[in-house]
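A.B. asks:
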Amino acid sequence: MIETSGVIEKEQGNGFYLVTLEQPEGHQCLCRAAGKLTKFRIKLLAGDKVLVEISPYDLSRGRITYRERNAGGGPRITTNKNNPKRNNK
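Following the working numbering, the residues of the sequence shown are numbered contiguously, the last one being 94.
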């Protein structure tokens, strides 16, 4: 397996992402999220920096194995439903 980093350009639908790789420079491949990313529901958005595994037999397909933290802009906004201060209004 060839392991390299890249940036997600856009979501194609059906779980596929178009990723532009850093090595080789500018190469694009169609990638799916690996099992652990889908199991733990890691969100992947355009602009996220990711780690990709590519088979040497087909360089146009790959698997996203890791999403770097705080990549792609600012912090992600989440709501905390279990916050007791919000529930006592």
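Don't be surprised by glycine CBs; every beta carbon is placed ideally from N, CA and C.
Reducing DSSP to helix, strand and coil, say where G11 ends up.
C.D. replies: strand
A.B. asks: Please report the residue range of the alpha helix (DSSP H) in which G20 lies.
C.D. replies: Here G20 belongs to no alpha helix (DSSP H), and DSSP marks it neither H nor E.
A.B. asks: Using the beta-carbon count (16 or more within 10 Å), is Y62 buried or exposed?
C.D. replies: Looking at its Cβ environment, which holds fewer than 16 other Cβ atoms inside 10 Å, Y62 is exposed.
A.B. asks: Once you ignore the five residues that flank V12 on each side, which residues in its own chain have a CB closer than 6 Å to its CB?
C.D. replies: For V12, where only same-chain residues beyond five positions count, the Cβ hits under 6 Å are T25 and K54.
A.B. asks: Round the Cβ separation of A39 and T70 to the nearest angstrom and send it over; I've been treating them as touching at under 8 Å.
C.D. replies: 5 Å
A.B. asks: Going by CA-CA distance only, name the one from G20, N87, N75 and Q28 that's closest to L42.
C.D. replies: G20
A.B. asks: Taking the continuous alpha helix (DSSP H) assigned at L50, which residues delimit it?
C.D. replies: First-last for L50: undefined, no H or E at that position.
A.B. asks: What span of residues does the alpha helix (DSSP H) with G40 cover, start to end?
C.D. replies: G40 to K44
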